[in-house]
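Residue numbers for the sequence shown follow numbering that gives the first Met the number 0, so the first one is 0 and each next one is one higher. Here a beta-carbon is modelled for each residue, glycine too, at the ideal position from N, C-alpha and C. Fair warning: this is a prediction, and the values are worked out from it, not measured in the lab.
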Amino acid sequence: MKLCLHCESDMLVKKNFFMFKIPAAVLLLLVPYGFVICWLPFLIPPNYACKKCGREFRKVKEVDWLEYEKMKQEKEEGK
């Protein structure tokens, strides 16, 4: 499960920028030996946006679902 680094929310949106990647791959196909390098735009990692706090970032916090349930339970007990 992916969590926001700042607010530890699991409401994340993955932004892939396909509107940039696909035209870039097509343009690379047109250059000599472009079929060899046309996959390069797809190596750019996606950005993530948190719906709760509104921040954007590249890396997310990866946790197991069981660990997430424990974190959620600890937050509820702390309130």
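Rounded distance between the beta-carbons of residue j and residue i, thought under 8 Å
| i | j | result |
| --- | --- | --- |
| C3 | C37 | Between C37 and C3 the Cβ distance is about 33 Å, and since that is not below 8 Å, they are no contact. |
| Y47 | K13 | 6 Å |
| L11 | K1 | 5 Å |
Which of helix, strand or coil DSSP assigns to residue i
| i | result |
| --- | --- |
| V12 | strand |
| K58 | coil |
| L4 | coil |
| Y67 | helix |
CB contact below 8 Å: residue i versus chain B
| i | result |
| --- | --- |
| N46 | The question asks about chain B, but that chain is absent: this structure has only one protein chain. |
Counting pairs of beta carbons, one from the stretch 58–78 and one from the stretch 15–30, are three or more of them closer than 8 Å? No, they do not touch.
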